Structure formats: C-alpha cells, structure tokens
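Engineer: Please read through the structure below; I'll follow up with questions.
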Amino acid sequence: MISQVVSAVGVVIAGVFICALYYWLSDKILQLVFPVPVDNVHAASVNLNRRAVVRPWLFLGPALILLVVYLVYPVVATFVLSFYDRSGGNFVGLANYRWAIQDAQFRQSIFNNILWLAVVPAACTFFGLVIAVLTDRIWWGNLAKSLIFMPMAISFVGASVIWKFIYEYRGGSETQIGLLNAVVQFFGGNPQVWISLPFWNNFFLMAILIWIQTGFAMVILSAALRGIPEETIEAAVIDGASGWQIFWKIMVPQIWGTIAVVWTTITILVLKVFDIVLTMTNGQWNTMVLANLMFDWMFRGGGDSGRSAVIALIIMAAVTPIMIWNIRQANKEMGGH
Amino acid sequence: MNPAVSLRRIGLPRLIVHLSVLVICIIWLIPTIGILVTSFRDAGQIAASGWWTAFTGAAETSAARLGEPSTARQEGANYVISGSVFEQGQSGAVRAFGTRVAAPTEFEAGQAADLGDGEMLTINEDGSYVYTKNAPFDGERGKRVYLSVAAPPSFTLDNYRTVLTSQGIGQSFVNSLTVAIPATIIPILISAFAAYALSWMEFPGRALIIAMVVGLIVVPLQMSLIPLLRMYNEIGNLFGVPSRSYAGIWLAHSAFGMPLAIYLLRNYIAGLPREIIESARVDGASDFEIFVKIILPLSFPALASFSIFQFLWTWNDLLVAMVFLGTGKDQLVLTGALNALLGSMGGKWEILTASAFITIVVPIIVFFALQRYLVRGLLAGSVKGG
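Printed below as a string of structure tokens:
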C-alpha cells in the first residue's frame, strides 16, 4: 500500500517533470534549428518568423494529440462501428439501427431519458432560482448556499447509497429504518418498496440528481441575479410593482441567457446519467436509461460493439444541437473581442 | 419580549423567508446526516430503529419469563412473585410490556396491568416486577412476558475499522488517490500551454481549433468508450502489457477533462492585460519564458478552479474506472468498491454507510476548503462562455 502511494507520488513528479521538459526542450531545439544571428538581419527575421510559425504547434501538440486520440477519433470510429456486427469485423449495414427501433428495452430507455430530460433540468433550475432569490435576502444566505451546494462534491455512487438508505424498505412488522417509509408510516400510509414501483421509481432516482444539481443552478443563477442593475428594480418599485411582478417581469427576463445555460448544462449531464441508475437499480424495474443500456451492451455476452455504438450515437445526436449552439456562441464572442 | 411584538419587528414576510430557507437547508442536509449518524451506530441498533432515534436510544422488543410459580410467596390473601425481568448483566429501561406477542406494548412501564383471573402485573422501568394473584399460581413454568426495552444509545467506530481493513476500502482509498492526483496534475500543464497558444499566438487554424475544443466539451463520454477499449486491448496484446492500467486511466482522464480545461484557461488567459505580455516581448522574452514567468503565476485562480473540478470529477468517477481500470484488489477505486458493496452487502447498512462516508469525505473537505475557486470556475465556465 505504501509502495503504491510512493509510486503514485513518483508518477506525479515524473509526469510534471517530463511535461515541463518537453516544453522546455522543444523550445531550445527550436532556437537551435532556427538561430537568430546578430550580424545578419535578414536571416534573423526569417528565422524569427519560422519560429513564430512552429512554436504554436509545439505548445498545442500534446493537447491536440490527446484530444484527437481520445475524443475526435473515437467519435468517428463509433459511427463506423455502428454499421458492423458485434465483433466489429463484418459490415451489417443498418441492422443495428433496425434492432434498436424494435427493441423493447431500447424504447423503454428512450422513454425514461425523455422523462429525465423533462423533469430534472426544470426542477433544478426552478429550485435553484427560488433558493437563489431567498438566500440573497438573508444574512446567513452564504452559509445556506454552501450547505445546498455541498452535494455537488459527492459522487453519484455515494449519493446513491445515501438515498438508497432513505428509500430502504423493511418487510412485515419490522421497524422501518428508511426515512421515507418512516414518514409515510407516521402519517398512516403503507410502506412501499420505492425503487421497484414501476414508473414512479424513475422519479425517486431523479430526486438524487436534483439533490446534487440544484446547488449548481443556484450558484450560477444567484450570480446572475446580482448582476441585474439596481435601477431596473428600483424603477419597478417606484412604479408600484409587487414583489411577484418584479421577480417575473423584471428579474427573470434579464437572466434568460443564464437560465438557458444552466438548463442546457444540466440537460447534457442528464443525457449521460449512468452511475445513479447502475447503483440504484441497474436498470431493473423499468428504469433503464441509454447510458446504462450502452454500457450493458458493451459487455453483455462478451460485448456487442455494434449495438452499443448505436446507443452511444443516439446520445451524441441528442447533444449535437447544444454543441452547435455553443460553438456559434463562442465564435460570436471571439468576433466581439 | 412579547413574541407578537418581536414578530412585527422582524416582519412576517422576512420571517417566512428565514423559515423556508431553514426548511430547505434541513431537507438538503438530512440525507447526508443520516448516513453519517448511521455509520457510527452499533449494527444491531441500525437494524432495530431509525437513525433519527439514535440519540434517544432504540426500543427493542424482547421476551422474558417471570419467576416459576414455586417461587411465589403468600402475602395476606394474595400470592406474589417478584424479581427482575433482566437476566444477570442485562440492562436498559423498560418502556412498555405486554403478555401477548402481538401486543408487546400493551401496558406502560410502572402501570399495574390487570391480566384477568385476579392476576395483576407491574413491571417497572428498571426491570423489577411484581406479579400477584388472589389465588395460588398454577402450572410449572413462569409466565412469558414481552417487553419493549430502550437500549441506551451506543456509538462505535467498529464500522469504520471493519470497512477500512476487511472490506478493502482502505486499499481503494489509496487507489483512488493514485488515480485522481496524476489525472488532475497532468492535464493542467498540457492545457495551460495550449490555452496560451490559443490566446496569444497568431497562427492559421486557430479559430477552428477553438471551435473544436468548444464542441468537444459536450461530447458524451459514451462515444469514446468502445473505440478506446478496443484500442487499449490491441495495444495490450501488441506489447504484451495489461490493457487496463493506471497509465491508461491517467491519460483517459486527462483527455476527457482537457476540452473544459483549455476552454476555461483560454477564457482567463485571453483576458489578461495585453500590455504585460507585449512589454515582456519587447524586452526579448521568448514565449516559453513569458508563459512560465508571467502567465502561469497570473493564472493561478483559473488553474485552481480547474484542478478542483478535475479532482472532484476523477475522484467521483465510476464509469471511466470501470472500463479502463481493472477490478482487482489493487486497482478498484472507492466508487467501484462502494458499488460492489451495494451488490454484495445489500442491507448491511453499517458497512455501506461507513464506506460511503469514507468515499465522500475527501471531496467534501476539498469542497469546503476551496469553495471560492470552485464557484469562480463555474461562473467562468457557464455565465461567460455559454
């Protein structure tokens, strides 16, 4: 165990050293290859230019290689693999897509993903906005924000254990040790096995993600609310607007852009939701979602890369509009600089 | 002060705001407190009562037998059996008792229960009882009674001792550190150099690369898994090395975090004042020197923000670890170990809660210590960029 820690620390030091060495050495080599002679102005300017042409690529090189190998190439390869059979050896055309359309579990996953997309981003943004407005008005607001923001640091697996304990069910006359069932029993209801209630169990899983992500929405929306010019609110107060009107007609319209950003960020996260479903139900009781189905097919019966690739592409297709929008926004921003 | 007066001074709407925030905070905290409290409770008590009763003591139902009829004394017209329902060494406080298994809490402790047939039974909180009858007791064996006994709260560190040693959580903790620390530090340097090139160097294709980076931020991890798994397997076969290794996961995590890292750092570095960089250039400093001596120190807040993100992400990740790292004892990370325990230790909450708490304690410490940088990074990443 100790040797492992030592070797990990060694790797960190070696890694940083090698990285630094690469950038330092490549810069030195560049200077050697294109020297800048003091006595020859023409040669000096030519070589300075050459250095300026090469240097960006030396700086960018490692990053570009990682991005291409781990992200760009796999996107293309996944697309290609979706037309091949389970081993990736034989071309099968659209067979995997046809399978997907007819597969009951795939349809179930699509349905559940749409359910997640409809509920989680909306709930997080709504709660985040409400909490941001409330906490901005009280002196201990920052403490409250910290506490609500904290679940963001907790892993999905950890959060699943935390919530599984809340949903815990004990059969027969045993004392309910799960908080939810104890509360239900206290109010005279019947304890339930919450995570295996068809359809509704999806919402019990969503609660976990909402619990984690509301803090994120709150932090960002709270910053946006603080950016609203005081004058607009003062003017509304003078005109006799009520608190409710000020909120909906003055504040919310001014932070639409931020609300959209929060919404899309959580949307992307929801499309990739995997850990929560894996640890809570592993897709049983009709809770399967695309990311889990994809993982399942990666290893099911030795793995089926074709079907798995199709499912990954569906997730990618859902993300693509957001991706294009992001790129447009970034280009617009750079044009403005 | 009169509550009505103080209420008027605070103002009712203001009070409602305070109360609602308080309620929300409690709802948000309760789940975590639940496992924290449970992880310190005795295994028997966890199963017997909800964690919210941990501080008041758990009520357990048990059975006991009163003294045999042969031990009865005659007192006036009555026959009396007395003693304690607790055996030697047992302790606790009797809350209630009953004579039928279906109703173990029929009578309160200290109350004289009329059992019919002229029989009276009183069981006190300390366990002592008096059982009287207006006629001789018959039968050979003592009467069976059911008790609701409040065991005193009992907290223990045993759960942590168990999971750290025999459940492999201690080893997994080290494994998680082995994954997370290099996977946080390696991408920072690489992406900082790239971000500098994308902010302050002119070259053809720059806008295209920035657009690519922005686009790659949202590419789902799922797209990369199959080709990378195949690639790792092929490399493993080709060179005869294990296809699942720490080096493999460090590179994977570095690459997956890189688009966001480059984007965040570029936003920050591009916003540094132009004069500083240009005056350094005029003084003859090379780009490498400018980067190391000026850019890196000035970008500390952005570097800190990103490293917190990346650390939380790599520490909390399950998917990448499941695919690219083995499930052997010396490679299973905390999230993977916890997931495995959920499968094998089903209802053993003393194991699960203690393990869960160990997995979340590091990120929570990081979170509270460096929250400022985390918030700053979030804002730079979403409000500004979109």
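For the protein sequence lines, the chains are L and W, in the order given. Position 157 of the first sequence, counted from 1, bears residue number 357 in the numbering used here, the numbering being contiguous throughout. Position 205 of the second sequence, counted from 1, bears residue number 347 in the numbering used here, the numbering being contiguous throughout. Built from N, CA and C at the ideal position, the CB exists for glycine as well. Small disclaimer: the values here were computed from a predicted structure and weren't measured.
#1: Count the other CB atoms, across all protein chains shown, that sit within 10 Å of the CB of residue 335 of chain W; report buried if there are 16 or more and exposed otherwise.
#2: I want to know whether the region 437–453 of chain L touches the region 364–378 of chain L - three or more CB-CB distances under 8 Å.
#3: Going by Cα to Cα distance, which pick from W:519, W:522, W:492 is closest to residue 377 of chain L?
#4: Going by DSSP in three states, residue 262 of chain W sits in which element: helix, strand or coil?
#5: Along the chain, where does the alpha helix (DSSP H) that runs through residue 309 of chain L open and close?
#6: One question on the structure: do residue 292 of chain L and residue 303 of chain L come within less than 7 Å of each other, judged by their Cβ atoms?
#7: Taking Cβ positions, are residue 538 of chain W and residue 235 of chain L nearer each other than 7 Å?
#8: Based on DSSP bridge pairs, tell me the residues matched to residue 459 of chain W.
#9: How about residue 366 of chain W: is its C-beta nearer than 7 Å to some C-beta of chain L?
#10: Please state whether DSSP places residue 275 of chain W in a helix, a strand or coil.
#11: Determine the direct distance from the alpha carbon of residue 287 of chain W to that of residue 274 of chain W, and round the result to whole angstroms.
#12: Ignoring anything shorter than 4 residues or poking outside the region 350–432 of chain W, list the alpha helix (DSSP H) runs there in chain order.
#13: Any C-beta of chain W sitting closer than 7 Å to the C-beta of residue 472 of chain L?
#14: Measure the C-alpha to C-alpha separation of residue 447 of chain W and residue 415 of chain W and round it to an integer number of angstroms.
#15: Buried or exposed: which applies to residue 240 of chain L, given that a residue is buried once 16 or more other Cβ atoms fall within 10 Å of its Cβ?
#16: Whose CA, out of L:266, L:205, L:381, lies closest to the CA of residue 366 of chain W?
#17: With H, G and I counted as helix, E and B as strand and the rest as coil, what does DSSP make of residue 256 of chain W?
#18: Do residue 334 of chain L and residue 159 of chain W come within 7 Å of each other at the CB atom, strictly closer than that value?
#19: Out of W:451, W:435, W:364, W:436, which one is the CA nearest neighbour of residue 406 of chain W?
#20: Quick one: measure Cβ to Cβ for residue 280 of chain L and residue 362 of chain W, integer angstroms, because I've assumed they're closer than 8 Å.
#21: Taking beta-carbon pairs under 9 Å, can you tell me which members of the region 436–467 of chain W lie near chain L?
#22: Kindly identify the DSSP beta-bridge partner or partners of residue 289 of chain W.
#23: Since residue 215 of chain W sits in a beta bridge, which residues does DSSP pair it with?
#24: I'd like to know if residue 528 of chain W contacts chain L, where contact means its C-beta is closer than 7 Å to some C-beta of that chain.
#25: State the Cα-Cα distance for the pair residue 307 of chain L and residue 350 of chain L, rounded to the nearest angstrom.
#26: Does residue 527 of chain L get closer than 7 Å to chain A when you measure Cβ to Cβ?
#27: Among the candidates W:462, W:433, W:380, W:278, whose CA atom is the shortest distance from the CA of residue 394 of chain W?
#28: Please work out which residues of its chain come closer than 6 Å, Cβ to Cβ, to residue 438 of chain W, disregarding the five sequence neighbours upstream and downstream, and give them in chain order.
#29: Would you mind sorting residue 442 of chain W into buried or exposed? The rule is 16 or more other CB atoms within 10 Å of its CB.
#30: Short of 6 Å in beta carbon distance, which residues of its chain neighbour residue 497 of chain L, apart from the five on each side in sequence? Order them along the chain.
#31: Taking Cβ-Cβ distances below 9 Å as the criterion, which residues of the region 292–326 of chain L are in contact with chain W?
#32: Would you verify that the beta carbon of residue 184 of chain W is, or is not, closer than 7 Å to some beta carbon of chain L?
#33: Does the beta-carbon of residue 454 of chain W, which I'm using as the reference point, lie nearer than 6 Å to any heavy atom of the ligand GDP?
#34: I'd like to check one pair, residue 417 of chain L with residue 328 of chain L: are the Cβ atoms closer than 7 Å?
#35: Taking the alpha carbon of residue 468 of chain W as the point to measure from, which residue in W:343, W:280, W:306, W:387 has its own alpha carbon closest?
#36: Name the chain L residues that come within less than 8 Å of residue 381 of chain W, Cβ to Cβ?
Structural biologist: Taking the geometry as given:
#1: Here residue 335 of chain W is buried: its Cβ has 16 or more other Cβ atoms, across all protein chains shown, within 10 Å.
#2: Output reads no: the region 364–378 of chain L does not touch the region 437–453 of chain L.
#3: The residue among W:519, W:522, W:492 with its C-alpha nearest the C-alpha of residue 377 of chain L is W:492.
#4: When DSSP states are grouped into helix, strand and coil, residue 262 of chain W belongs to the strand group.
#5: For residue 309 of chain L, the uninterrupted alpha helix (DSSP H) run begins and ends at 304–335, by DSSP.
#6: Contact: no.
#7: As displayed, chain W neither begins before 143 nor continues past 528, which places residue 538 of chain W out of reach and without an answer.
#8: Looking at the DSSP assignment, residue 459 of chain W forms no beta bridge with any residue, so it has no partner.
#9: Interface residue, yes.
#10: Strand.
#11: Distance between residue 274 of chain W and residue 287 of chain W, taken at the CA atoms: about 14 Å.
#12: For the region 350–432 of chain W, whole alpha helix (DSSP H) runs of length 4 or above, ordered along the chain, are 364–381, 388–412, 416–424, 429–432.
#13: Yes - at least one Cβ of chain W is within 7 Å of the one on residue 472 of chain L.
#14: Rounded to the nearest angstrom, the two C-alpha atoms are 20 Å apart.
#15: Exposed: under 16 other Cβ atoms inside 10 Å.
#16: Residue L:266 is the option with its Cα nearest to residue 366 of chain W.
#17: In the displayed model, residue 256 of chain W falls within a strand according to three-state DSSP.
#18: The answer is yes: Cβ separation under 7 Å.
#19: Nearest option by C-alpha distance: W:451.
#20: Incorrect: roughly 17 Å between the Cβ atoms, too far for contact.
#21: Taking 9 Å as the Cβ-Cβ cut-off against chain L, the residues of the region 436–467 of chain W that qualify are 454, 457, 458, 459, 460, 461, 464, 465.
#22: DSSP output for residue 289 of chain W lists W:204, W:239 as bridge partner(s).
#23: Listed as beta-bridge partners of residue 215 of chain W by DSSP are W:222.
#24: Only weak support is given to the placement of residue 528 of chain W: the predicted model assigns it a pLDDT of 33, under 50, and the question is left unresolved by the model.
#25: When only Cα atoms are considered, residue 307 of chain L and residue 350 of chain L end up about 35 Å apart.
#26: Considering every chain present, this structure includes no chain A. Its protein chains are L and W.
#27: Taking each of W:462, W:433, W:380, W:278 in turn and checking the Cα distance to residue 394 of chain W, the smallest one comes out for W:462.
#28: Once the five neighbours on either side are set aside, residue 438 of chain W has no close Cβ partner at all.
#29: Burial call: exposed.
#30: 504, 507, 508.
#31: Residues passing the 9 Å Cβ filter: none.
#32: Residue 184 of chain W does not count as touching chain L.
#33: In the structure shown, the ligand GDP is absent, as is every other ligand, since no ligand is present at all.
#34: The answer is yes: Cβ separation under 7 Å.
#35: Scanning W:343, W:280, W:306, W:387 for the CA closest to the CA of residue 468 of chain W turns up W:387.
#36: Simply none; closest approach about 16 Å.
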